[in-house]
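The structure under discussion appears below in the form of structure tokens.
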Amino acid sequence: MDARVVTIVGIGADGWDGLPERSRAALRAADVLLGSSRQLDLVPAPDAERAERVVWPSPLLPALPGLIEEHEGRAVVVLASGDPMFHGIGSALAELLGPERLRVLPHTSSVSLACARLGWRLDRVDVASLVGRPAGALNALVAPGRRILVLSAGRESPSVVAALLAGRGFGPSRMTVFSDLGADGEAVQHGTAAEWTELAATALNIVAVECAPGPDAAPLPRTAGLPDAAFDHDGQLTKSEVRAVTLARLAPLPGELLWDVGAGAGSVAIEWARAHPSCQAVAVESRPERAKRIGRNATSLGVPGGVRVVEGEAPDALDDLPTPDAVFIGGGLTVLGLLERCWDALRPGGRLVANAVTLESEVRVAQARETYGGDLVRVSVERAAPLGGFTAWRPAMPVTIWTTRKDGTA
1 MDARVVTIVG IGADGWDGLP ERSRAALRAA DVLLGSSRQL DLVPAPDAER
51 AERVVWPSPL LPALPGLIEE HEGRAVVVLA SGDPMFHGIG SALAELLGPE
101 RLRVLPHTSS VSLACARLGW RLDRVDVASL VGRPAGALNA LVAPGRRILV
151 LSAGRESPSV VAALLAGRGF GPSRMTVFSD LGADGEAVQH GTAAEWTELA
201 ATALNIVAVE CAPGPDAAPL PRTAGLPDAA FDHDGQLTKS EVRAVTLARL
251 APLPGELLWD VGAGAGSVAI EWARAHPSCQ AVAVESRPER AKRIGRNATS
301 LGVPGGVRVV EGEAPDALDD LPTPDAVFIG GGLTVLGLLE RCWDALRPGG
351 RLVANAVTLE SEVRVAQARE TYGGDLVRVS VERAAPLGGF TAWRPAMPVT
401 IWTTRKDGTA
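The numbers in UniProt numbering rise by one with no breaks, and the one at position 261 of the sequence shown is 261.
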């Protein structure tokens, strides 16, 4: 075995008996065997007798580089649950070492096994993990008729999932919990989210959900322009219709990063992150209570890991932030140097969108257009409202939207 190459062996709940010969051979040849206590116990000592066994430290990711370096030059084998590259340690090791230093021997994932038990199409199922992640990420997936598989963090995870579903008005959703899936002692539990009271049979479990709305459910669409009521706010909010236009002009693409400067309730940053699971946003807000509110909104709308909140005054708060693909300025346009700082940080080809409501901020974007190009549009929204015994149009404040690209085109 090449001592520079780290081998990752996927292992199921059936342990050694379920491993193909290639994976068994890698374990027999190992000098160092890394894994959780549960995973290491699945490999009998006589079958990997020469290997030093090392239990993962906690937290794992910060210690990972030093741990690999410590055993440099030895035949290192890492144990992973199921498919190491699917919500597993393989992704972190690939990022750390590069694919040329990895040899991955996958096992069947618990997601594939669960779909096989349920007769579900794997390509039509949403997957979420609660391992080291907040349960709020599920909020982005819950919708009528959807099927979700949740990788649990422990025996309590099914109850956490049930409480979230019931809180969203999806109490009738059917839940199936598989414990030790693939092992001889595999256990199955059934119930609805509204009535769920049990712990899973073991810590190693996966939760299957068939989403069914109750009468009080309020599903959230995937399109931009969520209802204003979906956000907790103090009035500092880019309103739904204007937000939809703003997001269209920001034009999020998978994997891109947004700066939302003067984020208020975080609505633009959150809808950017909802556009694709790989989209990320940094929400910059100077007021502490608003900054906390952004985090709560991100969780309730399913993107707790997609929005990073930076509390501070721009432009100083922008120092050391990663280079953005797009910038939205929703507040602070008249702050000296803010617009220029955002422009300088923007990557080539990136988009900048600024919304102006006051005369002073309109003057600022008009001047900026002369310098940086782009275009200006004004969005006016009127809503029908009672007027005595009649109905009349009640106008909201018009919003001027400036859009430009770093290469100078709108």
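Positions of the beta carbon are idealized from the N, C-alpha and C atoms, including for glycine.
All values derive from a computational prediction rather than experimental measurement.
Three-way DSSP call (helix, strand, coil) for residue i in this model
i	result
arginine 121	coil
threonine 323	coil
proline 20	coil
aspartate 126	strand
threonine 391	strand
valine 160	helix
glutamate 186	coil
proline 288	helix
glutamate 49	coil
serine 173	coil
threonine 334	coil
alanine 116	helix
glycine 10	strand
alanine 384	strand
Distance cut-off 7 Å: residue i Cβ against heavy atoms of the ligand ATP
i	result
alanine 385	This structure does not include the ligand ATP; it has no bound ligands of any sort.
Limits of the beta strand (DSSP E) - the one that residue i falls within
i	result
valine 260	First, the amino acid is wrong: residue 260 is aspartate here, not valine. Aspartate 260 -> beta strand (DSSP E) spans 257-261.
alanine 281	280-285
alanine 80	76-81
arginine 53	52-55
valine 353	351-356
aspartate 375	375-379
leucine 33	32-35
leucine 301	Leucine 301 -> no beta strand (DSSP E), and no H or E assigned at all.
leucine 151	147-151
valine 399	399-405
N-terminal and C-terminal residue of the alpha helix (DSSP H) that residue i is part of
i	result
alanine 345	338-345
arginine 274	267-274
glutamate 311	Taken as a continuous stretch (DSSP letters only), glutamate 311 belongs to no alpha helix (DSSP H), being part of the beta strand (DSSP E) at 307-311.
valine 142	Element bounds for valine 142: n/a, residue is neither H nor E.
glycine 66	60-70
arginine 359	For the sequence presented, residue 359 should be read as leucine rather than arginine. Per DSSP, leucine 359 belongs to the alpha helix (DSSP H) from 359-372.
Assigned exposure category for residue i - 16 Cβ within 10 Å defines buried
i	result
arginine 290	buried
phenylalanine 390	exposed
residue 415	This structure does not reach residue 415, given that the chain is present from 1 up to 410, and the question cannot be answered.
aspartate 375	exposed
aspartate 325	buried
tryptophan 272	buried
threonine 7	buried
histidine 190	exposed
alanine 45	exposed
leucine 181	buried
tryptophan 402	buried
threonine 334	exposed
glutamate 195	exposed
lysine 292	exposed
alanine 48	buried
alanine 385	exposed
arginine 347	exposed
proline 57	exposed
glutamate 256	buried
tryptophan 259	buried
arginine 378	exposed
arginine 394	exposed
leucine 122	exposed
valine 5	exposed
serine 173	buried
For residue i, the nearest candidate out of the options (CA to CA)
i	options	result
tryptophan 120	His107, Ala140, Arg146 and Pro106	Arg146
leucine 96	Leu61, Arg74 and Cys115	Leu61
alanine 80	Ala193, Ala63, Thr108 and Gly66	Thr108
alanine 29	Gly15, Val76, Arg101 and His71	Val76
arginine 369	Pro386, Thr400, Leu181 and Leu118	Thr400
phenylalanine 231	Arg274, Arg174 and Ile294	Ile294
leucine 113	Asp83, Glu52 and Ile68	Asp83
alanine 51	Val43, Arg274, Pro106 and Val32	Val32
aspartate 184	Pro395, Arg405, Val379 and Gly12	Gly12
leucine 165	Val78, Phe178, Ala153 and Pro144	Pro144
glycine 235	Arg274, Ala263, Ala224 and Arg133	Ala263
aspartate 316	Arg296, Arg364 and Val261	Val261
*Which runs of the alpha helix (DSSP H) fall wholly inside the region 190-250 and span at least 4 residues, in chain order?*
Runs found: 240-250.
*Quick one: complete alpha helix (DSSP H) runs, 4+ long, within the region 88-114?*
Counting whole runs of 4 or more residues, the region 88-114 contains the alpha helix (DSSP H) stretches 89-97.
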